[in-house]
Structure formats: structure tokens, C-alpha cells
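Okay, so here's the structure we're looking at.
This is the structure we're talking about:
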């Protein structure tokens, strides 16, 4: 059937439609977007970009000089960390392939590529991707309004970024960065750093302004601008492979190159070479501001040297955000395969599920056990079959009794055990080192909460839910009964309190812990980890407290423990008393990250534990 | 003669409508033929106030005078290197050229504060502590006088807009914008205090951007491109940042120094 359209009517209708569309197109540019809508992109960042290295070229090219920190608003901790840094640390296996953290990656040599990711149906901008050639730094800037992950989520070199267009700039906020450096001479950026960036484009020129806020190592925001020019074609050399290897044979596993406070030999060398006072080139917020120019006209090469040692005064407390949920809920975070983190009960709990019963590592403080059991039941309809304890400490075993009672162990039912013990298999089986059982007995815990399946040496093995699981004894680390648990298929290591991201190691000397055992245990974790790419990813390491980690967090923690040990040992060798050791602040560069002056584990307690542990080992060797 | 069909007529109406409303759209975006607003009224960004430089890049080259011959990272031509190697600050001082490092090519990189104001509704005045210099960034064409250290600066507001605007398919111009300044006609001077040269034939192109920081602070970022056929073998790029001050605290202009 056909219809006749009157000419005048057709013209009027078409005009009306066209006018309507044109009016929509004619909305003023400055009109705000509808509520909830993302602002329109101010520019297109896609393309190939290269930085010209006209600024800080030596630092970004051949490399910075070791004591050149001028213009960095370092806190005391930041300066002392940098002065302690010996570049030979890069010869350690676990540092050879360290990637660059975001603030440095943007500053590095090489080419970068940016491209957009759009929803295939709506073509809304979902993300901007940025890939840097050097160390293959890959970042994603989410543009779809998603929230940042929780504090217990993993940290990465590039962090987690979200962006929006503001005026003529792309504004990007980044959290969840790894510990890394602001400059390759050891100037640190902590894992607590966050950044705000502004990208603007003028023709074929792109400028990134980054504002780094780091409560640990900076006393003010550090701001840097980096220019890029657009390359017309793909240079096709994007790879930057790195595998570690033996660079120094026979080195002891507890050897982490570092300078003791006040003994970095390159401070004087730098001062002499450039006739520059340490009052300037050792950095600090004042060195960013114009007044430094007049100061340096009169300051000599001896001025400012006092900044090479910790100032006298009380220890600092951690400025790090608490990564553990405190809302009274259990939060579930998938790790890999069927292994999950349960966070919230005052200590990390890990659970593996499958077609057999659940395998749980540690039970938290026990304050939220009902919710822990409910969280496990959301993951599996199978009962809790095994519970492994990494230590006897109450943050590892507090929920033992209730979780055990909530489970069953079918592997015991129907065996001859059931003829001897009526309740055999009627609850989950708790596994742990024999010393966990001994210590819990001594602590007076009811026997239902003790490990009944214990081991004495080396390791306990299980093959459960299709996966090899190893409990590996770590003698005399935090206590004398610590185990780490390795889920070998998922490649998840549960470290217990041997490793945390929240505090100095709780070396419980009275219960068999020691500094040497703690370092050995951290190295044992590192002996088992494999990174996926540039010292990132791969084996997942779950700390007793803190955020989901990989080997980089463990190696930085190991370095810290070794360096503090070296300092205290050096003081002891000079005859220092415990009080003198504490007054020397041997943890000064780490206190803003891990320190505490109150609570269950203070900096003083840690220093004292190391002091006594070293003293005991000296006595033992005499 | 062929008769015009109703659909042809309709299509013609549509095209006319689109063209008409496209013109409206362009006018509303600030393009011609918009109402005459002064550059001050049309400013997409407020750059006025006191700004203090944060010297976090090229620190050693900026807070002290580097040694003669240290022109790392500056893409000097052979003639440029030769000129840099003959730097003689005493001679500059004696010749009354103590401000050679405080000209357009150097002054923005020196530690110090800026004070930016509207001198009139077509001219931004930028004063520097370093060397007590004054730059006039004019939105109106001006005839060059005798060359001075700061040269003649032509300012425009720079916004991302379609190359060919208006109509159906052109996106709206982005909100916000930058100040673009092109400077020529200055006396030769130094890019760095140690005599790294630029010539009188250099062209400086700058973009001034302002960003809001968390906590209420603001940043001014000045991107600079120097093209100098005499002393540079390729364009020289820097970007320099300043933090906004609430008032004139610390404002203390200093004279030029050749050393």
C-alpha cells in the first residue's frame, strides 16, 4: 500500500526536524553537561608520544648523581632513605627488574603510546590506555566513573587511575602505587603516595603535570611537568624484556647493600664537584622555593651535613592508611583460581574452595567468626575441612574453635580413628607446626582450638581441591612455630605475620622469634615467588596484616628488616646500650611508614627485639 | 525545465536550516561573528595574581650559575656552542648587559615570583621578581619599538575548537582554555645564566595553563618552545610551574646579576 505525501507537509516536517537537530548542535560550548554525564573530551590523547629530554636530561638519561636531591621536598625519612640507598642494591636478584612507578615512568626515556577504549555499543569513553616503552609501563586511566578499589587491594607500578576532563585538561587521580623511586638515585616514593595529573595538549605537544603527595617521604607535594611531542608513525620497538640472574656470586642472602646513617660517601663528592652546599643538594621543601638561591650564595660545603643523620627526638608514627577494613564486616577479595582473601577480622584469612571441603588459612581474632563462616559459605556449599595456622598468635588463631566447629573432615569419618574417637571428623582438622600446639597449650586455649595435625620439621604437604598445598616451617622467625602456606596451583603464598604491610615485624623473642629467623623466612618467601612482569604480579603474597602483595612488597620489607638489623648491629659493635640504640633512631627512615608509639607493637619494642635477638646470637657464637 | 519534487524542496529547506543554525552555533561558541568582548572579558582562565616558582626540575641549572660550557640538554647548534663557550659575565656587566639572563628566554626559569595583572582590558602585565622585569602580553597588534629584553609578545586565548566549525558534525569547543603568547623582537640573551645563548631572531611560543589542586591551591604551568635558527639546531622545550599565592607575601624584586 502506498501513501501520497503532500509537498508542503514534507517540507515543513523536514525543516522542523533539521532545525531541531541544528538547535541541539548549537548549544553553547560552556553549557554544563547533563547531570551524571561525563564532560566531553577536551582533546584526543591518542597517538605516539616522545619526551624531548630538554629538562633533567642527565637524571633521565645517563642517570642522576647519587646525592643530588635538590628541589625535592623530602621529609627527613625521604632524605635518610635516599642516603641509605646504595645503587648496588640493583644487583640483587629481586631488584634487577624493578619497574618504574608512575611519577618516574612518565619521566623516563623512550616512547609512549596512548589509545582510547570505547564501549562497543554506546562508544562512550571507557578508558585511556598509556604504554611506555621503558620497562613496558602500562597504565589504564578509567574514564567511566568507577570507584577506586579498597585499601586491601594490590598495589602496582602504575597504580589505579581514574580520569575526567576538566576545562581543557585531562585530570587523573591515582592510588595503589607500589614503593618505588622519584629519581634513580634512590629518592623514594612510598606505597602511600597518591598523584593528581593534568594532561593538556597544544597541537602536537602534550604536557603532563603531576602532583605527588606522599605522607611518608615528602613534606610537601612534589610537582613535575613533562613534555611530549607527537610522533607521526609507530617506531615498533615497544618491548623491554627483563629477566634476573646472578650478578654477584656467593653473596649472602641477607646482604642488602646500604649505607649507615652519616656514611654515604657521595655527599661530599657531589658537594665538591659542583661547589654546592648540602644545605641545597640534600633537598627538602625549602630547596624548591626561590629563597634557596640566596641561601646557597653563602652556604658552604659543610653546611647542612647534619641532615645526613636522624635528628634527635621522639620516634615518628606511621602515616600510612590502614588497609584493613574496620567496619565490622568480612570483605571477600578473589585472589586466583578458587583462592580468596577474607579481610576484616583483625588479621587476614585465606580460603581455598573446590569440590572437597574448604581449606582455610588462619582464623583472625575471632571477633567476626560468624561472619567469616557466612562469607565462606557464600563461596562454597562444602564444609570447612581444614584449617592451617601460620602461628599461635591470637590474630591467627582467634577463630579456631568456632571455625573448627563449623566444619567437618570427611577424610577421618569411616576410618579406624572413628572407632577410637567418636567425634573423629566431626569438625574441621586444624594443621600447624607442633610449636603452635605447644604455645596454645601454654597460653591456655581450649584443646578444640589446637592443631591436631602437627608437623615437626621442614614442611607438611596436602593435595586438596586439586591443588598442592605446602606448609613450610620458618624456624625462629616471628615465633618458633611459624609456617608459610603455599597454594601451588593458584600460586598464592600466605605469609602470616612473617610479612605484613602495616608494621615492623612482631619478633616475639620470648616465644622463639629472632631477627635472623625473620630475615631467613622473608628470603624463603622470595625463594618461592616468581614475578609475572618487571618485578610485578605473578606469585601473590598475602601478608598477615595489610594489602594483597607480590614479591616486590616482600623484598622491600626484607630490605628494611636487613637494613635496620645492620644499623643496630653496627651500634652494638660500637658498644651502644639499648637506650643509646633507641636514641640513635635506627628506624628513622621507616617510622613514618611502619612506626608506632602506642599499641601492641611499638617501634621501641621492635628495636629492643632486634637488639636482644642480636645480643643472643652474639652470646651464642662466643 | 524539470519540476522540483517535494523531497528536493524539503532537502533544500533542511540544508538552509542547518546552515543557519550552524552559524548560530558558531556564534555562541565565541567564534565570528560574535559580539565584541574584550580579551579580559573573554578570558577562559584567570591567570592573575601572585605565583611562586617551584624549582623541581633542572634544579642545579636554575638555583646557581652552572659552569661555563655546561649546556647539557639544550640543542645548541655549533654557533650556539661557540657563543656559550665565550660567555664572559664580567664583560656583560661592564657593557650594561647584566640582564641578559633575565630576558624572555631565561627569566621564566629563574627562581622567583610572578605578579600577573590586567594592565588594560587588552594587555596582561607579567612582572618578575627575578631581575625586576616586566612583560606585556598584548592581545592587540602592536608595532615593535627598539628591541628590549622581553621583546614584543602577542597574546591570544587558545581553545580546542574544530578546524572547520559549525553545522551538524562539529563538536563543541572544549571548555576552559590557555593563554598563548608568541614573542619576537627581543634583544639576544641567555637561556641559562651561564651564557647559553638565544639570538634576536628567536621565536618564543608559550602556553599558560592553570590547574586547580586538591585543597584549593592552584598551579600555573608555562610551556615554552624556543625556535632559534641562529643558535639552536632544533626547537627547545621546557615547562615551568608556579604555585598560586594568596597575596604578595615574599614579593621582593631583585636586580639583574650577570654572575
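Residue numbers (my numbering), protein chains in the order written: chain B, 53 to 674; chain E, 1367 to 1625.
For each residue, glycine too, the CB sits at the ideal point set by N, CA and C.
It should be emphasised that the depicted structure is a prediction, and the values quoted were computed from it without experimental measurement.
For this session: In angstroms with no decimal places, state the Cα-to-Cα distance between residue 468(B) and residue 477(B).
Result: Sequence index remark: in the first chain, residue 468(B) carries index 416 (1-based). Sequence index remark: in the first chain, residue 477(B) carries index 425 (1-based). If I take the Cα positions, the gap works out to 11 Å.
For this session: Would you be able to state if there are at least three C-beta pairs under 8 Å between the segment 547-560 of chain B and the segment 352-363 of chain B?
Result: no
Problem set entry | Simplified DSSP assignment, three categories, for residue 333(B) | Locating residue 333(B) in the first chain gives position 281, where the first residue counts as 1. Looking at residue 333(B) - three-state DSSP - the assignment turns out to be helix.
Problem set entry | Terminal residues of the beta strand (DSSP E) in which residue 1605(E) lies | In the second chain, counting from the first residue as 1, residue 1605(E) sits at position 239. 1602-1611 is the extent of the beta strand (DSSP E) around residue 1605(E).
Problem set entry | Backbone CA spacing between residue 664(B) and residue 444(B) [nearest angstrom] | In the first chain, the residue the question calls residue 664(B) occupies position 612. In the first chain, the residue the question calls residue 444(B) occupies position 392. Answer to the nearest angstrom: the Cα atoms are 22 Å apart.
Problem set entry | Three-way DSSP call (helix, strand, coil) for residue 289(B) in this model | Locating residue 289(B) in the first chain gives position 237, counting from the first residue. Reduced to three states, the DSSP call for residue 289(B) is coil.
For this session: Decide yes or no for the touch test of the segment 1590-1601 of chain E against the segment 1563-1582 of chain E: beta carbon pairs closer than 8 Å, at least 3 of them.
Result: yes
Exercise. If you follow the beta strand (DSSP E) that residue 268(B) is part of, which residue opens it and which one closes it?
Worked result: Numbered from its first residue, the first chain carries residue 268(B) at position 216. Where residue 268(B) is concerned, there is no enclosing beta strand (DSSP E), given that its DSSP letter is neither H nor E.
For this session: Output the distance between the C-alpha atoms of residue 405(B) and residue 509(B), rounded to the nearest integer angstrom.
Result: What you label residue 405(B) is simply residue 353 of the first chain in a count that begins at 1. What you label residue 509(B) is simply residue 457 of the first chain in a count that begins at 1. Near 27 Å, if we compare the C-alpha coordinates of residue 509(B) and residue 405(B).
For this session: Output, in chain order, the set of chain B residues within a Cβ distance shorter than 8 Å of residue 1438(E).
Result: On the second chain, position 72 is the one that residue 1438(E) refers to. 109 and 110, listed in chain order.
Exercise. For residue 1491(E), which three-state DSSP category applies?
Worked result: On the second chain, residue 1491(E) is found 125 positions in, with the first residue counted as 1. It is a strand residue.
Exercise. How about residue 226(B) and residue 154(B): are their beta carbons less than 8 Å apart?
Worked result: As a position in the first chain, residue 226(B) is number 174, starting the count at 1. As a position in the first chain, residue 154(B) is number 102, starting the count at 1. Yes, the pair counts as a contact, with Cβ atoms nearer than the cut-off.
Exercise. So, are the CB atoms of residue 129(B) and residue 622(B) less than 8 Å apart?
Worked result: As a position in the first chain, residue 129(B) is number 77, starting the count at 1. As a position in the first chain, residue 622(B) is number 570, starting the count at 1. No, Cβ-Cβ distance for residue 129(B) and residue 622(B) is not below 8 Å.
Exercise. How about residue 438(B) and residue 481(B): are their beta carbons less than 8 Å apart?
Worked result: If you number the first chain from 1, residue 438(B) lands on position 386. If you number the first chain from 1, residue 481(B) lands on position 429. A contact, by the Cβ cut-off of 8 Å.
Exercise. If you draw a straight line from the alpha carbon of residue 187(B) to that of residue 564(B), how long is it in whole angstroms?
Worked result: Stepping through the first chain from its first residue, residue 187(B) is reached at position 135. Stepping through the first chain from its first residue, residue 564(B) is reached at position 512. In a straight line, the C-alpha of residue 187(B) is about 42 Å away from that of residue 564(B).
For this session: Find the nearest neighbour of residue 475(B) within the set 459(B), 99(B), 345(B) and 490(B), judged by alpha-carbon distance.
Result: Residue mapping note: residue 475(B) aligns to position 423 of the first chain, counting from 1. Comparing Cα-Cα distances from residue 475(B) to each of 459(B), 99(B), 345(B) and 490(B), the minimum goes to 459(B).
Problem set entry | Beta-carbon proximity list for residue 1616(E), same chain, < 6 Å, skipping 5 on both sides | Reading the second chain from its first residue, position 250 is the one you call residue 1616(E). Nothing listed; no residue qualifies.
Exercise. By Cβ distance below 8 Å, which residues in the same chain neighbour residue 73(B) in space, the five residues on each side in sequence not counted?
Worked result: Reading the first chain from its first residue, position 21 is the one you call residue 73(B). Because residue 73(B) carries a pLDDT of 47, less than 50, the predicted location of this residue cannot be relied on, and the following value inherits that uncertainty. Same-chain partners within the cutoff: there are none.
For this session: For chain E, find out if any of its Cβ atoms is closer than 8 Å to the Cβ of residue 340(B); answer yes or no.
Result: Here residue 340(B) refers to the residue found at position 288 of the first chain. Chain E, which has a Cβ nearer than 8 Å to the Cβ of residue 340(B), makes this yes.
Exercise. Just to check, is the beta-carbon of residue 264(B) closer than 7 Å to a non-hydrogen atom of the ligand SAM?
Worked result: Inclusion of the ligand SAM in the displayed structure is not the case, the ligand content being empty and no account of it being possible.
For this session: Buried or exposed for residue 284(B), please, with buried defined as at least 16 other CB atoms from any protein chain shown within 10 angstroms of its CB.
Result: Here residue 284(B) refers to the residue found at position 232 of the first chain. Answer is exposed; the Cβ neighbour count stays below 16.
Problem set entry | Contact the segment 208-226 of chain B vs the segment 109-127 of chain B: 3+ CB pairs below 8 Å | no
For this session: Spell out whether any CB of chain B is found under 8 Å from the CB atom of residue 1399(E).
Result: For this step, residue 1399(E) is matched to residue 33 along the second chain. Because residue 1399(E) carries a pLDDT of 48, less than 50, the predicted location of this residue cannot be relied on, and the following value inherits that uncertainty. No, its Cβ sits nowhere closer than 8 Å to a Cβ of chain B.
Exercise. How many Å lie between residue 1433(E) and residue 1446(E) at the Cα?
Worked result: Residue 1433(E) sits at position 67 when you count from the first residue of the second chain. Residue 1446(E) sits at position 80 when you count from the first residue of the second chain. Cα to Cα, the separation comes out at about 16 Å.
For this session: Mind listing, in chain order, the continuous beta strand (DSSP E) runs of no fewer than 3 residues lying wholly within the segment 118-162 of chain B?
Result: none
Exercise. Can you name the start and end residues of the alpha helix (DSSP H) that residue 320(B) belongs to?
Worked result: For the purposes of this step, residue 320(B) is identified with residue 268 of the first chain, where counting begins at 1. 318-326 is the span of the alpha helix (DSSP H), which, as asked, contains residue 320(B).
Problem set entry | Contact residues within the segment 1585-1616 of chain E, judged by C-beta distance below 7 Å to chain B | 1585, 1587, 1589, 1602, 1603, 1604, 1605 and 1607
For this session: Tell me whether residue 298(B) sits in a helix, a strand or coil according to DSSP, three-state version.
Result: Translated into the one-based positions of the first chain, residue 298(B) becomes position 246. Coil at residue 298(B), not helix or strand.
Problem set entry | Beta-carbon proximity list for residue 654(B), same chain, < 6 Å, skipping 5 on both sides | Counting from 1 along the first chain, the entry for residue 654(B) is found at position 602. Excluding residues within five positions, the ones whose Cβ falls inside 6 Å are 648.
Exercise. Do three or more CB pairs link the segment 514-527 of chain B to the segment 564-574 of chain B at distances below 8 Å?
Worked result: yes
For this session: Check residue 260(B) in the structure and name its three-state DSSP category.
Result: Position 208 of the first chain, counted from the start, is the residue given in the question as residue 260(B). Residue 260(B): strand per DSSP, three-state reduction.
Exercise. From 537(B), 498(B), 495(B) and 496(B), pick the residue whose C-alpha is nearest to that of residue 515(B); which is it?
Worked result: Working through the first chain from its first residue, we reach residue 515(B) at position 463. It is 537(B) whose Cα lies nearest to the Cα of residue 515(B).
Exercise. Can you find a C-beta in chain B that's less than 8 Å from the C-beta of residue 1493(E)?
Worked result: One-based indexing of the second chain puts residue 1493(E) at position 127. No, no contact with chain B.
For this session: For the beta strand (DSSP E) holding residue 401(B), just list the boundary residues, first then last.
Result: Here residue 401(B) refers to the residue found at position 349 of the first chain. That run of the beta strand (DSSP E) goes 401-404.
Problem set entry | residue 1549(E), DSSP secondary structure in three states | Here the question's residue 1549(E) lines up with position 183 in the second chain. Here residue 1549(E) sits in strand by DSSP.
Exercise. Can we say the segment 374-381 of chain B touches the segment 587-607 of chain B, given the rule of at least three CB pairs closer than 8 Å?
Worked result: yes
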